[in-house]
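Only one structure is covered here, and it is reproduced in the block below.
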Amino acid sequence: MDSSAAADDLEAIANFIAVDSEHYASLFAIDVLSAVDRLTDFPYSGRSVPELNDPAIREILFGSYRIVYRVKSDMVELLTVYHGSQLLDHSRLTLYD
C-alpha cells in the first residue's frame, strides 16, 4: 500500500514534529498509518482531489495534512503526504504510472 516517496514524506513530517515532541511525532505517525490502513477496506472513502480531474486519485484529510492515494483495481497506492497549506506537487502523482 505504501510508496517509498510517501513513507519519506511521513518521516519528514514526523521528524519536524519531533523537534518539539517525540511523543506527538510518534502518535502522529501511528494515527496516519491507521487512517491509511482503513483505506484497504474502504478505498473510495476519501474524496477526489479537488485540483485534479481523476476519480482514481483521492485523498483523506488528517488534521492539517492531506494523504493522497490512487485506487487501482481496488488496491490503494499511497502517493504523498503533505501539509494542506502547501500546493500539491503534481510530479508526485505520476511516479507510478
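For the sequence shown, my numbering gives the first residue as -6, with consecutive numbering after it. Glycine included, each C-beta is placed from N, C-alpha and C at the ideal position.
DSSP three-state assignment for residue i, whether helix, strand or coil
i: glutamate 44; result: coil
i: leucine 80; result: coil
Span of the alpha helix (DSSP H) around residue i
i: histidine 16; result: 15 to 34
i: leucine 3; result: -3 to 11
Rounded C-alpha distance that separates residue i from residue j
i: histidine 76; j: alanine -1; result: 13 angstroms
i: serine -3; j: leucine 3; result: 10 angstroms
i: glutamine 79; j: aspartate 67; result: 28 angstroms
i: threonine 73; j: asparagine 8; result: 16 angstroms
i: histidine 16; j: serine 57; result: 18 angstroms
i: glutamate 70; j: threonine 33; result: 10 angstroms
i: histidine 83; j: arginine 31; result: 25 angstroms
i: proline 43; j: valine 25; result: 21 angstroms
Span of the beta strand (DSSP E), counted from its first residue to its last, around residue i
i: leucine 54; result: 50 to 55
i: arginine 59; result: 58 to 65
Residues near residue i by beta carbon distance below 7 angstroms, same chain, minus five either side
i: alanine 11; result: Ala18
Own chain, CB closer than 8 angstroms to residue i, minus 5 neighbours either side, in chain order
i: leucine 86; result: Leu45, Ile50, Val61, Arg63, Leu72, Thr73
i: tyrosine 89; result: Residue confidence for tyrosine 89 is low, a pLDDT of 47 falling below 50, so the modelled location carries little weight; the figure read from the coordinates is stated next. The answer, listed in chain order, is Ser(-4), Arg63, Glu70, Leu72.
i: serine 98; result: The shown model of the chain, from -6 to 90, leaves out residue 98, and the question about it has no answer.
Cβ-based neighbour list, residue i, same chain, cut-off 6 angstroms, excluding 5 preceding and 5 following
i: leucine 81; result: Glu44
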